[in-house]
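Numbering (full-length UniProt numbering), first residue to last: 1 to 139.
Beta carbons are placed, not taken as given, at the ideal position from N, Cα and C, and that holds for glycine.
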Amino acid sequence: MGKSIKITTKALIHRGNEVLLMKDRKGKWEMPGGKLEFGESPEDSLVRELKEELSVRNPLVKKLVDVWVFSIERVERNIHYVFVVYEVILRHHSLKKSKEHVAFEWFGKNKIKNLKMREGYKNSINKFFKNKLVDYEKA
């Protein structure tokens with residue numbers, strides 16, 4: 001049985017009290033982003049992934065928001081994912097989804113808690129807005 005560790009960078013993109021999420025082919029919502037490639041910094045990985053997934057150019061990768069882990073244990077292989085979440089500001093708001101996802105949408109807090117998504121994403125979003133001067137509770 002093989003074991004591996006994968007590092008994934010994710011973008012917490014917000015617009016006022018809402019965050020941008022993407023729906024994968026299995027119907028789960030997630031933050032935009034993806035796996036680090038060999039030799040990439042987390043920030044460079046995120047810029048590349050945002051270009052691939054949303055056709056975003058020149059995003060501003062601001063600050064580290066959260067780091068969380070998720071493991072998948074299978075008979076043939078165990079994978080330990082490390083999610084590194086950054087606040088990202090879009091300089092241009094023209095978004096175009098790739099074929100990797102079926103949709104993207106802006107969500108407020110009341111809608112996020114009921115979405116089909118990993119708890120780590122929800123925790124990162126709550127942590128981010130808890131530390132912001134945005135009235136996220138009313139979103």
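Determine whether the beta carbon atoms of residue i and residue j lie at a separation below 7 angstroms.
i          : j           : result
residue 10 : residue 116 : no
residue 51 : residue 6   : no
residue 88 : residue 65  : no
Taking the beta strand (DSSP E) that residue i falls in, what are its first and last residues?
i          : result
residue 77 : 77-89
residue 23 : 18-24
residue 96 : Looking at the DSSP string, residue 96 is not in any beta strand (DSSP E), and its letter there is neither H nor E.
Which stretch, first to last residue, makes up the alpha helix (DSSP H) that contains residue i?
i           : result
residue 47  : 42-54
residue 128 : 119-130
residue 10  : Element bounds for residue 10: not the alpha helix (DSSP H) but the beta strand (DSSP E), 2-15.
residue 63  : Looking at the DSSP string, residue 63 is not in any alpha helix (DSSP H); the run it does join, the beta strand (DSSP E), is 60-73.
residue 109 : 109-112
Beta-carbon within less than 8 angstroms of residue i's beta-carbon, same chain only, minus the 5 sequence neighbours each way: which residues are those?
i           : result
residue 104 : 20, 21, 22, 23, 32, 54, 95, 97
residue 63  : 86, 87
residue 92  : 56, 57, 58
residue 101 : 22, 23, 24, 25, 53
residue 67  : 82, 83, 84, 85
residue 8   : 33, 34, 35, 36, 81, 82, 83, 84
How would you call residue i, buried or exposed, if buried means at least 16 neighbouring beta carbons within 10 angstroms?
i          : result
residue 38 : exposed
residue 13 : buried
residue 41 : exposed
residue 73 : exposed
What residues in its chain sit with their C-beta under 6 angstroms from that of residue i, if we drop five residues either side in the sequence?
i          : result
residue 71 : 80
residue 49 : 33, 34
Worksheet item: When the Cβ atoms of the segment 83-96 are set against those of the segment 34-47, are three or more pairs found closer than 8 angstroms?
Response: With the cut-off at 8 angstroms, the segment 83-96 and the segment 34-47 touch.
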